[in-house]
Structures are given as C-alpha cells and as structure tokens.
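S.K.: Got a structure for you, questions after.
There are 2 protein chains.
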Amino acid sequence: MKKFLNTPDSYVADSLAGLAAAHPLLTVVTGADAGGAGFVRRAAATRAGKVALVSGGGSGHEPLHAGFVGVGMLDAACPGEVFTSPVPGQMLAAAQAVDSGAGVVFVVKNYTGDVLNFQMAAELAVEDAGIAVETVLVDDDVAVQDSTWTAGRRGTGATLMVEKIAGALAERGAELGVVAEMGRRVNASARSFAVALTGCTTPASSKPGFLLPDDEMEVGVGIHGEPGRRRAKLASAREVAELALDAILAEPVLAGGAAGTGPVEVIAMVNGLGATPLSELYILFNEVSRLLSGRGVSVVRSLVGNYVTSLDMAGASFTLCRVDDEMLELWDAPVNTPALRWGL
Amino acid sequence: MKKFLNTPDSYVADSLAGLAAAHPLLTVVTGADAGGAGFVRRAAATRAGKVALVSGGGSGHEPLHAGFVGVGMLDAACPGEVFTSPVPGQMLAAAQAVDSGAGVVFVVKNYTGDVLNFQMAAELAVEDAGIAVETVLVDDDVAVQDSTWTAGRRGTGATLMVEKIAGALAERGAELGVVAEMGRRVNASARSFAVALTGCTTPASSKPGFLLPDDEMEVGVGIHGEPGRRRAKLASAREVAELALDAILAEPVLAGGAAGTGPVEVIAMVNGLGATPLSELYILFNEVSRLLSGRGVSVVRSLVGNYVTSLDMAGASFTLCRVDDEMLELWDAPVNTPALRWGL
Chain A
1 MKKFLNTPDS
11 YVADSLAGLA
21 AAHPLLTVVT
31 GADAGGAGFV
41 RRAAATRAGK
51 VALVSGGGSG
61 HEPLHAGFVG
71 VGMLDAACPG
81 EVFTSPVPGQ
91 MLAAAQAVDS
101 GAGVVFVVKN
111 YTGDVLNFQM
121 AAELAVEDAG
131 IAVETVLVDD
141 DVAVQDSTWT
151 AGRRGTGATL
161 MVEKIAGALA
171 ERGAELGVVA
181 EMGRRVNASA
191 RSFAVALTGC
201 TTPASSKPGF
211 LLPDDEMEVG
221 VGIHGEPGRR
231 RAKLASAREV
241 AELALDAILA
251 EPVLAGGAAG
261 TGPVEVIAMV
271 NGLGATPLSE
281 LYILFNEVSR
291 LLSGRGVSVV
301 RSLVGNYVTS
311 LDMAGASFTL
321 CRVDDEMLEL
331 WDAPVNTPAL
341 RWGL
Chain B
345 MKKFLNTPDS
355 YVADSLAGLA
365 AAHPLLTVVT
375 GADAGGAGFV
385 RRAAATRAGK
395 VALVSGGGSG
405 HEPLHAGFVG
415 VGMLDAACPG
425 EVFTSPVPGQ
435 MLAAAQAVDS
445 GAGVVFVVKN
455 YTGDVLNFQM
465 AAELAVEDAG
475 IAVETVLVDD
485 DVAVQDSTWT
495 AGRRGTGATL
505 MVEKIAGALA
515 ERGAELGVVA
525 EMGRRVNASA
535 RSFAVALTGC
545 TTPASSKPGF
555 LLPDDEMEVG
565 VGIHGEPGRR
575 RAKLASAREV
585 AELALDAILA
595 EPVLAGGAAG
605 TGPVEVIAMV
615 NGLGATPLSE
625 LYILFNEVSR
635 LLSGRGVSVV
645 RSLVGNYVTS
655 LDMAGASFTL
665 CRVDDEMLEL
675 WDAPVNTPAL
685 RWGL
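Sequence lines, in order, name chains A and B. Read in order, the letters of the first sequence correspond to residues 1 to 344 in this note's numbering. Read in order, the letters of the second sequence correspond to residues 345 to 688 in this note's numbering.
Right, here's the structure in full:
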C-alpha cells in the first residue's frame with residue numbers, strides 16, 4: 001500500500017479536516033455534537049423555511065458526499081469510515097444541526113447498512129426531535145440486481161444529480177414533499193454502469209480488494225469493488241462505452257425515438273473511479289457522445305471527471321439522467337460546493 | 345498497460361474530441377487550419393482589443409492546458425503528443441486564430457522543446473503575421489536545477505496561476521505588456537515541489553517510465569517522471585508535506601514574518617498527479633494548512649484536486665503563490681473553463 005496518510009485510523013478525520021481547511025464555507029463537526037462521529041455542514045445556518053438536504057455514506061468515494069455540501073446542493077454530509085456506513089447518531093446530529101424547521105431530506109444510496117441506519121435516524125429525528133424527514137433512495141446502477149451489500153440495484157452516480165437538482169429546488173423554498181419528490185424523479189430518470197480496470201486498496205489494507213489480470217476488466221463493477229456482470233477481455237474505449245450504454249439504454253426510461261416516448265434529452269456523466277487520467281475519461285466521453293447521437297439521444301449537459309470514486313481504482317462509470325425543462329433549469333442553477341461550482 | 349483508449353496513435357486526438365463534445369464553449373481546430381496538428385480555442389471570437397493568451401505543451405497533464413481555455417483564462421491551447429512539445433506551426437495557427445489585433449501572450453512551461461518551439465512561433469507571428477507577441481516563461485519547480493528536458497527550473501503548478509491571474513487581467517482590457525508583466529510577476533511569486541509514489545505509463549508504452557519499490561518515493565519528481573532530489577523511504581503525509589514546504593519556503597519570495605518582508609499571503613495548491621485519491625490530497629492539504637499557520641504564512645485561497653497531472657502517476661505536488669491584493673482580486677474574478685469555474 002502506497003498512500004499519503006498519517007495512520008489508517010485517522011484517514012477519514014484527517015481528510016475531513018483538510019476539506020474544512022480548504023473550504024471556509026464548510027465546517028466539520030466532531031465529537032459529542034456529532035453523535036460520536038463527525039459530519040460536514042455549511043458554515044452558515046440554514047435559512048428559515050429552507051428544506052435541508054443531508055446525505056452520507058462510507059468514505060472512499062470523494063468528492064461524494066462532503067464535496068457536494070454548499071449553496072445549491074447539500075446542507076450536510078455524514079461520512080462513515082472507508083466503505084462503512086455512517087451511524088444513526090451522526091445522521092440525527094446532522095439533521096438537528098441543519099433543520100430550519102422546514103424539514104430534512106435524506107439522500108441515501110441503496111446499500112443495506114446505509115438504508116438501515118438512515119431509516120433509524122429518520123425515526124429518531126421524527127419521534128424524538130420532532131423533525132419532519134423524507135428519504136430519497138438512489139438505486140441507479142443497472143449492472144446487477146442484489147450485490148455484496150445491496151438488495152436491489154446499487155446507488156452510484158445519480159446521487160450527485162439528485163443532490164444537485166433537488167438541492168436547487170430546496171434553495172428556492174420548495175416544501176419538503178416537493179423537494180423529495182423531485183429527488184425521486186431524478187433517481188427514476190437516471191441509470192449508471194461502471195467498468196473497472198483494477199481493484200482498489202483501502203487505507204487499512206495492504207493489497208487491493210480484488211485483482212484483475214493485466215488483460216481483463218470487471219464489467220459492471222460496484223463502487224466498493226463488488227462484482228459486476230462478468231470479467232471480460234480488455235476492450236477499446238469505443239467497445240467499453242458501447243457495452244455501458246447498451247446496458248443503460250436498455251432501460252425503458254431512456255428509450256426514445258420511434259420505440260419510446262419522444263425525444264430523449266440527458267445529462268451525461270463519464271466519471272473516473274479514482275486512478276484513471278482525465279484524458280482517458282474524455283476519450284470515453286467522445287465515444288458516448290458519438291454513440292448517443294446515433295441513437296437519437298441528445299446530450300444537453302455533461303460532466304467529465306472524478307465525482308463518485310472508489311479510492312484508487314482505475315475505471316470509469318457512465319450515468320445518463322433524462323431531464324425535462326424543469327430538471328435542466330434546476331441543474332443549471334447556481335451552486336457553490338468544493339466539487340461542483342458555477343454561477344457563484 | 346491498462347487504459348481506456350482506442351489506439352495509442354489516436355489518444356490525444358480522441359481526448360480532444362471528447363473535450364470539445366463535453367464543452368460546447370470550446371472548439372478543436374485540426375488539420376490544415378491548425379498548422380498540421382490541432383489546437384483548442386474558445387468557440388467565440390476574441391473580443392476586439394482583448395489581449396489573447398495562448399499556452400500549450402505536451403499532453404498527459406490534463407486538465408492542463410486545454411482544460412483552462414475559456415472566459416477569464418486562456419484563449420487557446422496547443423497540445424502536443426503525450427509528453428512531447430507542440431510544434432511552431434500549431435502555435436502560430438492558434439495565435440492567428442485568436443489574435444484580435446491586441447496581441448498574444450504565450451505562456452510557456454520551461455522545458456527545452458516548448459521554449460524553442462514557442463520562440464520560433466513568436467518569431468513567425470511577429471515577422472510573418474504581424475502579431476505582437478510577449479512570452480511568459482514559467483519555472484516554479486524548486487526541486488532541481490536542470491533536468492532531463494530542462495535548463496534551469498522546470499515549470500509546473502504555477503502555470504495555472506499565471507493563466508488565471510493574467511487571463512483575468514486580459515479579460516478587463518489590459519494591454520499586452522501589462523498582461524505579460526502580470527504573468528511574470530505571478531511566476532516569480534510561485535514555487536512548487538512534487539513527490540511521486542509511482543511512475544506513469546504513456547499510451548504507447550507497456551510499462552511505467554520509472555519504477556519505485558513499494559516502500560520508496562521520489563522526492564522532487566518532475567511532471568514527466570524526471571528524477572527529483574532523491575529517493576526516500578515512504579513517509580507519513582505530515583512528513584511529505586513538511587519536506588515539500590521546507591523546499592518551497594526556503595525561497596526568498598516566500599520568506600515572511602520577522603526574517604522576511606512582511607506578512608505572507610498565499611494561494612496554496614495541493615495537486616494530484618493523476619492516480620492519487622482526492623481524500624489523500626485533502627490529508628496533505630490539512631498538513632499544509634497546519635504547517636503554514638505555524639510559520640506565519642496565511643492561506644487566503646486554496647485548490648485541492650487534479651490540475652497538473654502526469655497521466656496515471658500516484659503522487660502530489662505543492663504550489664504556493666504569494667499574492668498581493670491585485671493578484672488576489674484577479675484570482676477571484678469570474679472564470680468559465682472545464683477545470684476552473686466560478687462566478688459564471
């Protein structure tokens with residue numbers, strides 16, 4: 001293991017301290033005020049009447065989630081240890097810290113630990129703290145049904161689209177149920193698929209979670225290295241993009257043109273899993289762009305870079321989110337977070 | 345070699361096509377109009393009277409330089425093949441394409457091939473095309489004097505600070521000499537140092553350019569894997585940050601407090617070399633922040649992420665740029681490029 005760290009035990013805490021040092025608009029709350037763990041919040045108090053968005057999950061996927069805290073997106077994020085769910089006390093403390101009285105939306109990726117812990121936090125928030133809570137479950141990964149830590153589909157790249165679009169709506173003063181419903185609509189409109197070239201190594205480990213031969217790739221890998229659909233021989237960028245898009249476009253929500261429900265406009269993301277150079281992500285995006293234009297899908301916005309990662313895994317994920325005018329206008333709204341920023 | 349690509353020969357062209365597909369405000373010009381190679385420019389014509397900034401260099405350092413083309417920063421970038429200087433014809437074509445009559449500033453990293461080719465392009469621009477040209481040479485890397493491809497110090501992370509600050513000044517209508525002088529001032533105020541944990545592999549190669557044992561790091565590495573000051577045993581994040589800052593703060597321009605010339609305010613960047621997770625970069629930034637506050641250096645702005653990379657090298661570079669009020673205000677000015685965006 002070759003990593004920049006002090007000790008494996010302080011990996012997450014040191015990284016969060018660095019995030020806060022680099023971004024004065026964010027604060028890291030730790031200790032007793034954070035349910036025994038820590039969370040990241042906007043330094044400014046939530047505006048009265050604004051619905052708060054709180055997300056979280058295991059660390060190791062940076063910038064997700066703490067890098068999406070800020071104006072126009074999340075109010076707080078609860079990072080667990082690496083690849084480990086945060087705990088209910090942490091989530092409850094975050095909800096209490098950022099609730100303005102208008103309620104809290106929990107954005108939860110579909111992993112069993114996250115789902116159970118956010119559910120318990122929601123019950124505590126409602127029953128003990130009197131906070132109204134809605135939960136949006138993200139399950140966009142079409143690669144497999146049921147996986148190492150998931151019943152149903154896994155949650156991955158669509159998370160940031162849910163957080164951006166629902167976050168913009170919350171910023172405008174929409175009510176709790178409306179914000180949550182928009183989050184669910186974004187999730188229902190988005191599908192993802194990932195391909196890994198290597199495994200990844202956690203800070204506490206000396207070797208990768210899985211090994212791939214030099215000429216193979218994992219097709220449909222999960223963000224913790226969970227198995228995908230199959231191992232396959234390493235293919236060209238064009239073939240990789242094609243197999244990912246074939247899987248995604250098989251979903252009815254993304255079927256357009258003659259066979260479907262009319263023109264399909266999407267936000268397209270090609271996301272690096274950690275160790276893949278940006279130049280390769282653009283090579284993949286070029287293929288995505290070419291393939292989609294041949295299938296009647298119009299890319300109206302795009303993201304290319306590292307947004308939902310798996311530590312030092314080499315690989316890429318593909319996410320398409322079908323948008324209507326309202327979703328697109330919310331996507332374009334100003335945002336100021338460490339990882340997504342425009343208009344501010 | 346495991347990479348997402350079609351063929352090694354089409355690596356740069358495919359990646360640039362993807363960049364243009366993802367960012368409609370940019371255009372890739374190829375073929376005869378690009379001096380036989382290609383360059384990336386803003387899609388919009390240069391505003392009359394605005395000085396144009398053109399940079400370039402070998403590919404493999406993405407987002408540098410093409411990812412910094414856009415309002416508030418570069419007008420055009422000339423990418424060479426991977427780790428290979430662009431050619432004079434390319435630079436001349438870019439200058440001709442974006443010159444509005446107010447002249448062009450070439451921002452050139454100090455590598456011998458780049459320096460010679462930009463010098464030839466400047467001569468051609470002035471003598472054959474009647475374009476006024478000023479050149480800003482970037483040589484911020486304090487690790488070594490003279491290296492594999494460099495006489496003097498290498499150019500690295502300060503490049504984006506030169507491009508951002510001089511770019512903002514050009515956007516406001518400053519004259520050619522004034523913009524260039526600001527670029528030189530930023531370069532003179534900035535110092536960098538890098539540490540590698542692994543080598544990197546070019547698309548045409550089957551193995552890394554250099555190999556490091558599992559317990560060693562290259563201290564002072566160059567962005568093409570050029571040797572640094574020494575090999576050392578892998579150290580903690582705190583020790584790595586300390587040795588980098590020791591090298592940088594030994595420079596008179598960054599000496600402050602009692603021994604120096606007054607309070608020192610800096611833009612601090614912790615930059616990933618390609619394969620290092622963002623969480624580790626924040627761990628390093630946390631140490632940078634702590635160490636600098638103990639030495640009387642005030643971090644007024646920061647950047648943490650992958651900005652000047654070396655393909656899939658694991659490692660990080662550190663850049664400090666001392667700023668005055670004018671430079672800071674220009675840093676904060678709106679910018680809209682693929683890799684740096686705020687206020688727009």
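In this text, a Cβ means the ideal position worked out from N, Cα and C, and glycines have one as well.
Using 8 Å as the cut-off, can you tell me whether the stretch 609 to 618 of chain B makes contact with the stretch 678 to 688 of chain B, which would need three or more C-beta pairs spanning the two stretches below that distance?
M.R.: No, the stretch 609 to 618 of chain B does not touch the stretch 678 to 688 of chain B.
S.K.: Would T292/B and M345/B be called neighbours here (beta carbons separated by less than 8 Å)?
M.R.: The requested residue 292/B is not part of the displayed model; chain B covers only 345 to 688.
S.K.: What residues in the stretch 272 to 285 of chain A have a beta carbon less than 8 Å from any beta carbon of chain B?
M.R.: Listed in sequence order: G274, A275, T276, P277, L278, S279, E280, L281, Y282, I283, L284, F285.
S.K.: On the CB-based measure, 16 or more other CB atoms within 10 Å of its CB, does T492/B come out buried or exposed?
M.R.: Within the second sequence, residue 492/B is the residue found at index 148, counting from 1. By the 10 Å Cβ count, T492/B comes out exposed.
S.K.: So, does the CB of F348/B fall closer than 8 Å to a CB anywhere in chain A?
M.R.: Within the second sequence, numbered from 1, the residue matching residue 348/B stands at position 4. Chain A, which has a Cβ nearer than 8 Å to the Cβ of F348/B, makes this yes.
S.K.: Please determine, among L278/A, A190/A, L273/A, the residue with the shortest C-alpha to C-alpha distance to L249/A.
M.R.: The residue labelled residue 249/A in the question sits at position 249 within the first sequence. Of the listed residues, the one whose Cα sits closest to L249/A is A190/A.
S.K.: Quick one: does R575/B have its CB under 8 Å from some CB of chain A?
M.R.: Residue numbering aside, residue 575/B sits at position 231 when the second sequence is read from its first letter. By this cut-off, R575/B is not an interface position.
S.K.: Take the Cβ of R391/B as the centre, count every other Cβ of all protein chains shown within 10 Å, and call the residue buried at 16 or more, exposed below.
M.R.: One-based indexing of the second sequence puts residue 391/B at position 47. Looking at its Cβ environment, which holds fewer than 16 other Cβ atoms inside 10 Å, R391/B is exposed.
S.K.: Give a yes or no on whether the C-beta atoms belonging to N630/B and A17/A are separated by under 8 Å.
M.R.: Residue mapping note: residue 630/B aligns to position 286 of the second sequence, counting from 1. Residue mapping note: residue 17/A aligns to position 17 of the first sequence, counting from 1. Contact: yes.
S.K.: If you pair each beta-carbon of the stretch 525 to 543 of chain B with each one of the stretch 416 to 423 of chain B, do three or more pairs fall below 8 Å?
M.R.: No, the stretch 525 to 543 of chain B is not in contact with the stretch 416 to 423 of chain B.
S.K.: Note the first and the last residue of the continuous beta strand (DSSP E) segment covering S359/B.
M.R.: For this step, residue 359/B is matched to residue 15 along the second sequence. S359/B -> not in any beta strand (DSSP E); alpha helix (DSSP H) instead, spanning 355 to 366.
S.K.: Give the secondary structure of D244/A by DSSP, where H, G and I count as helix, E and B as strand, and everything else as coil.
M.R.: Indexing the first sequence from 1 puts residue 244/A at position 244. Note that residue 244/A corresponds to Ala in the displayed sequence, not to Asp. A244/A falls in the helix class under three-state DSSP.
S.K.: Could you confirm whether any beta carbon from chain A is found closer than 8 Å to the beta carbon of T456/B?
M.R.: Residue 456/B sits at position 112 when you count from the first residue of the second sequence. So, not an interface residue.
S.K.: Taking the alpha-carbon of L348/A as reference, which of L5/A, I223/A, S206/A, P338/A has the nearest alpha-carbon?
M.R.: Because residue 348/A is not part of the residues shown, which for chain A are 1 to 344, the question remains open.
S.K.: What do you get for A389/B, buried or exposed, if any count of 16 or more other CB atoms within 10 angstroms of its CB means buried?
M.R.: One-based indexing of the second sequence puts residue 389/B at position 45. Result: exposed.
S.K.: Kindly indicate which residue of N271/A, K50/A, L26/A, L5/A has the alpha-carbon position closest to the one of R42/A.
M.R.: By one-based count along the first sequence, residue 42/A stands at place 42. Comparing Cα-Cα distances from R42/A to each of N271/A, K50/A, L26/A, L5/A, the minimum goes to L26/A.
S.K.: Here's the rule I'm using: 16 or more other beta-carbon atoms within 10 Å means buried, otherwise exposed. How should Q145/A be labelled?
M.R.: As a position in the first sequence, residue 145/A is number 145, starting the count at 1. So Q145/A counts as exposed.
S.K.: In angstroms, rounded to a whole number, what distance separates the CA positions of M653/B and P407/B?
M.R.: The residue you call residue 653/B lines up with position 309 of the second sequence. The residue you call residue 407/B lines up with position 63 of the second sequence. The amino acid at residue 653/B is misidentified as Met; the sequence shows Thr. Looking at the two C-alpha atoms, the distance is approximately 8 Å.
S.K.: Using only alpha-carbon positions, find the residue among A275/A, L243/A, G177/A, G167/A that is nearest to R229/A.
M.R.: Translated into the one-based positions of the first sequence, residue 229/A becomes position 229. When only C-alpha atoms are compared, the closest one is L243/A.
S.K.: The alpha helix (DSSP H) that contains S206/A, what's its start and end?
M.R.: Reading the first sequence from its first residue, position 206 is the one you call residue 206/A. Unbroken run through S206/A: none, as it is neither H nor E.
S.K.: Within 8 Å of any Cβ in chain A, is that where the Cβ of E406/B sits?
M.R.: Taking the second sequence and counting its residues from 1, the one referred to as residue 406/B is at position 62. It does: the Cβ of E406/B has a partner Cβ on chain A nearer than 8 Å.
S.K.: Under 8 Å, Cβ to Cβ, is there at least one residue of chain A near G687/B?
M.R.: For the purposes of this step, residue 687/B is taken as residue 343 along the second sequence, with counting starting at 1. G687/B counts as touching chain A.
S.K.: Out of C321/A, P24/A, L19/A, V54/A, point me to the one whose CA is closest to V179/A's CA.
M.R.: Locating residue 179/A in the first sequence gives position 179, counting from the first residue. For the residues C321/A, P24/A, L19/A, V54/A, the minimum Cα distance to V179/A belongs to V54/A.
S.K.: So what's I509/B in DSSP terms, helix, strand or just coil?
M.R.: Your numbering for residue 509/B matches position 165 in the second sequence. Note: I509/B maps to helix in three-state DSSP.
S.K.: Check each candidate in V480/B, L617/B, L684/B and name the one with the smallest Cα separation from F537/B.
M.R.: As a position in the second sequence, residue 537/B is number 193, starting the count at 1. Checked all of V480/B, L617/B, L684/B; the closest Cα to F537/B is L617/B.
S.K.: Might you give, ordered along the chain, the residues of its own chain that have their beta carbon closer than 6 Å to the beta carbon of K109/A, omitting 5 neighbours on each side?
M.R.: In the first sequence, the residue the question calls residue 109/A occupies position 109. So the list reads G57, V138, G155, T159, once near-sequence residues are dropped.
S.K.: On a CA-only basis, which of I627/B, P621/B, E507/B is nearest C665/B? Give me that one, please.
M.R.: Within the second sequence, numbered from 1, the residue matching residue 665/B stands at position 321. C665/B has its Cα closest to that of E507/B, out of I627/B, P621/B, E507/B.
S.K.: What residues from the stretch 309 to 336 of chain A come within 7 Å of chain B, judged by C-beta to C-beta, listed N to C?
M.R.: Cβ contacts with chain B: T309, L311, D312, A314, A316.
S.K.: Please return the same chain residues whose Cβ sits closer than 6 Å to the Cβ of A52/A, not counting the five positions on each side in sequence.
M.R.: On the first sequence, residue 52/A is found 52 positions in, with the first residue counted as 1. The answer, listed in chain order, is T46, D75, V98, D99, V104.
S.K.: Buried or exposed for K394/B, please, with buried defined as at least 16 other CB atoms from any protein chain shown within 10 angstroms of its CB.
M.R.: As a working note, residue 394/B is residue 50 in the second sequence. Buried is the call here.
S.K.: Listing by chain order, which chain B residues have their CB less than 8 Å from the CB of R238/A?
M.R.: Residue numbering aside, residue 238/A sits at position 238 when the first sequence is read from its first letter. Going along chain B in sequence order, the residues near R238/A (Cβ under 8 Å) are N350.
S.K.: With DSSP as the reference, label R184/A as helix, strand or coil.
M.R.: Here residue 184/A is taken as the residue at index 184 of the first sequence, counted from 1. DSSP places R184/A in helix when its eight states are reduced to three.
S.K.: Along chain A, in chain order, which residues have C-beta atoms closer than 8 Å to that of S444/B?
M.R.: Within the second sequence, numbered from 1, the residue matching residue 444/B stands at position 100. Simply none; closest approach about 26 Å.
S.K.: What's the gap between the Cα of L636/B and the Cα of A585/B?
M.R.: Against the second sequence, residue 636/B aligns to sequence position 292. Against the second sequence, residue 585/B aligns to sequence position 241. Cα to Cα, the separation comes out at about 10 Å.
S.K.: DSSP three-state label for T112/A, please.
M.R.: Taking the first residue of the first sequence as position 1, residue 112/A is located at position 112. It is helical.
S.K.: Would you say S355/A faces chain B, with C-beta separation under 8 Å as the test?
M.R.: Residue 355/A falls outside the range modelled here, since chain A spans only 1 to 344, and no answer is possible.
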